[in-house]
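Below is one structure, written out as structure tokens; comments come after it.
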Amino acid sequence: MARIYADNVVFLMRPGETARRRVERAPDTRTPPSNETVATCRHTAAATSANATLGYSHTVAPRSAVNVEVQPQAERRARRAPLRWVLLLAAACVLPAAVLTWRAVVHQASLQHYATTTGEQRKLPLPGGGIVLLDTDTAVSAPAGQQREWALERGRVQFDLASAATQPFAVHAGDGVVTAAGGRFQVSQLAHDIHVVVLAGTVSVNLPGSNEQLTLRSGQQVDYGYDRLGSVQPADLAGARGWPRGELVFHRRSLAELVAAMNRYSDTRLTIGDAALRNLPVSGVFDAGDPVGLAQALQRSRLLRAVKVSPYEIVLQPAAR
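Be aware that the sequence shown starts at 59, since it is given in the numbering used here, and climbs by one per residue.
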């Protein structure tokens, strides 16, 4: 009869299984078992042999093994708890951004965009009367179905409004808002600043960021930008009335300004070859989109000479002495 000793463990073997199975454990330094303990073990072995004959086979695990199995589950639950809070916090942060993005996409999809190419001018009718004139290389937008609120993205535009309009007309440009009930005015964004000219009627200019506001009347103009509102100045009416007719009207303006204005209307570029010529005062009326005619007119003044270096570039140099 095989004798199997183990601490709180009983192995029940299937029929035919040999009794060579052993339980490895550390050397026992305790007192040898008494005769009663040996008898108890013999009785247990006999019961094991009888159960094996009946076909039972199972292992009763030590109590410590159960604790070892339960501990990892508790650790996993403890690790999942902070992760759940992290996911909830991430969702709380991402959801508002997603909503704002969705609103921005919907807003852009509801806008009607209008633009002109180099050398092109375009007229658009306004509901209830009035005309919007887009200058060359200009882009504007307005909500679909509601064209009393426009946004200037770049370039220059003139609004000719019906005087009987009941709803104020608003133009968003840069950091400011230009509003009017009627009349004719121009808004341009050709450099960093916004330029507003009133040809007829009354216009209000408001900068929400700095809470600045002023009123322009016919024949007045103002520049603003970066939450800075300039002072009211007399308008350059000749120049403001010239570009809608396709003319560049200059009165003692710098050559650099004239060249920049002409280059907006043509693919043939004018270039100033000497920095000393940039501040040269120029006066005259020039056809927009005709850089060759401008170069020839300047050369006839004998103040400079025009050199065509390529089919698409004319360089302005000081006159030969």
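Think of the CB as a built atom: it goes at the ideal place given N, C-alpha and C, for glycine as much as any other residue.
This one's a predicted model, so the numbers in the text were calculated from it and none came from an experiment.
The beta strand (DSSP E) that contains residue i, what's its start and end?
i: Val-382; result: Residue 382 lies beyond the range of the chain shown here (59 to 379); nothing can be said about it.
i: Arg-327; result: 327-330
i: Pro-226; result: Counting along the chain, Pro-226 falls outside any beta strand (DSSP E), and DSSP gives it neither H nor E.
i: Glu-211; result: 207-219
i: Tyr-282; result: 278-283
i: Ser-246; result: 241-247
i: Arg-180; result: 180-183
i: His-250; result: Note, His-250: premise wrong, no beta strand (DSSP E); not H, not E.
i: Asn-396; result: What the structure shows of the chain is the stretch from 59 to 379, and residue 396 is not part of that stretch, so it cannot be assessed.
i: Leu-275; result: Just to set this straight, residue 275 is Arg in the shown sequence, not Leu. Per DSSP, Arg-275 belongs to the beta strand (DSSP E) from 270-275.
i: Gly-234; result: 234-238
i: Ser-199; result: 197-201
In terms of residue numbering, what span does the alpha helix (DSSP H) encompassing residue i cover?
i: Arg-299; result: 295-300
i: Ala-314; result: 313-321
Residue i: which of the options sits nearest, CA to CA?
i: Gly-342; options: Arg-363, Leu-316, Thr-326, Val-365; result: Leu-316
i: Thr-196; options: Ala-364, Gly-241, Ala-173; result: Ala-173
i: Ile-189; options: Val-235, Gly-203, Gly-241; result: Gly-241
i: Ala-187; options: Ala-314, Leu-219, Leu-356; result: As written in the sequence, residue 187 is Gly, which differs from the Ala given in the question. Cα-wise, what sits closest to Gly-187 is Leu-219.
i: Gln-357; options: Gln-205, Arg-322, Pro-376; result: Pro-376
i: Arg-311; options: Val-235, Gly-304, Ala-296, Arg-322; result: Ala-296
i: Leu-192; options: Asp-294, Val-236, Gln-247, Asp-285; result: Gln-247
i: Ala-353; options: Val-373, Val-235, Asp-332; result: Val-373
i: Ser-221; options: Ala-258, Val-198, Ser-289; result: Ala-258
Tell me whether residue i sits in a helix, a strand or coil according to DSSP, three-state version.
i: Val-118; result: Reliability of the predicted coordinates at Val-118 is poor, the pLDDT of 43 falling under 50, and the value obtained from them is presented with this limitation in mind. Val-118 falls in the coil class under three-state DSSP.
i: Val-290; result: coil
i: Arg-336; result: coil
i: Gln-357; result: helix
i: Ala-150; result: helix
i: Gly-351; result: helix
> Would you call the segment 325-337 and the segment 250-267 touching, i.e. three or more CB-CB distances under 8 Å?
Replying inline: no
Using a Cβ distance threshold of 8 Å, determine whether the segment 265-272 contacts the segment 298-307, with at least three qualifying pairs required. Segments in contact, no.
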